[in-house]
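> Be aware that the sequence shown starts at 169, since it is given in this note's numbering, and climbs by one per residue. Take a look at the following structure, please.
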Amino acid sequence: MNPERVFVVLREPHISEKSTLCTEYNNQYVFKVANDATKNEVKQAVEKLFKVKVEGVQTIRVKGKMKRNRFGYNRKPNWKKAYVSLAQGHSIDITAPE
């Protein structure tokens, strides 16, 4: 994989209550990824960037919400997230700056 593509594929970690529970109990991490990213690209990007062993990747397309403001309704853009399962004994510290 192209080294620049790694930073295009992985946008940011998605931190929510559900993603925190996935991290604690299932050793899964959740990332916002590019809309055109494939599972294989996400796997390679996580392995290359964090130097861990990835067992599996599940991706989901999230539909953008309708929001109302003083000009009417606006629709937030659709986005894609990936649940990345790591091998036993591997972990990622997402909250610590490098």
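Quick reminder that beta carbons are idealized off the backbone N, C-alpha and C, glycines included.
Can you tell me whether Tyr-197 is buried or exposed, with buried defined as 16 or more other CB within 10 angstroms of its CB?
Classification for Tyr-197: buried.
> Buried or exposed for Phe-199, going by 16 or more other Cβ atoms inside 10 Å?
Looking at its Cβ environment, which holds 16 or more other Cβ atoms inside 10 Å, Phe-199 is buried.
> When the Cα of His-258 is compared with those of Asn-242, Val-230 and Lys-219, which residue comes out closest?
Nearest option by C-alpha distance: Lys-219.
> Going by DSSP in three states, Phe-239 sits in which element: helix, strand or coil?
Phe-239 falls in the coil class under three-state DSSP.
> Glu-192: beta carbon under 7 Å from a heavy atom of the ligand GTP?
Only the bare structure without any ligand can be found here, which leaves the ligand GTP out of the picture.
> When the Cα atoms are used, what is the spatial distance from Met-234 to Thr-206?
Their Cα atoms are separated by approximately 27 Å.
> Classify Thr-191 as helix, strand or coil using the three-state DSSP reduction.
Three-state DSSP puts Thr-191 in a helix.
> Can you tell me where the beta strand (DSSP E) with Val-220 in it begins and where it stops?
First-last for Val-220: undefined, no H or E at that position.
> Please confirm whether Gly-208 and Leu-254 have their CB atoms less than 8 Å apart.
A quick correction: the sequence has Asn, not Gly, at residue 208. For Asn-208 and Leu-254, no; Cβs fall outside 8 Å.
> One question on the structure: do Val-201 and Lys-211 come within less than 8 Å of each other, judged by their Cβ atoms?
No.
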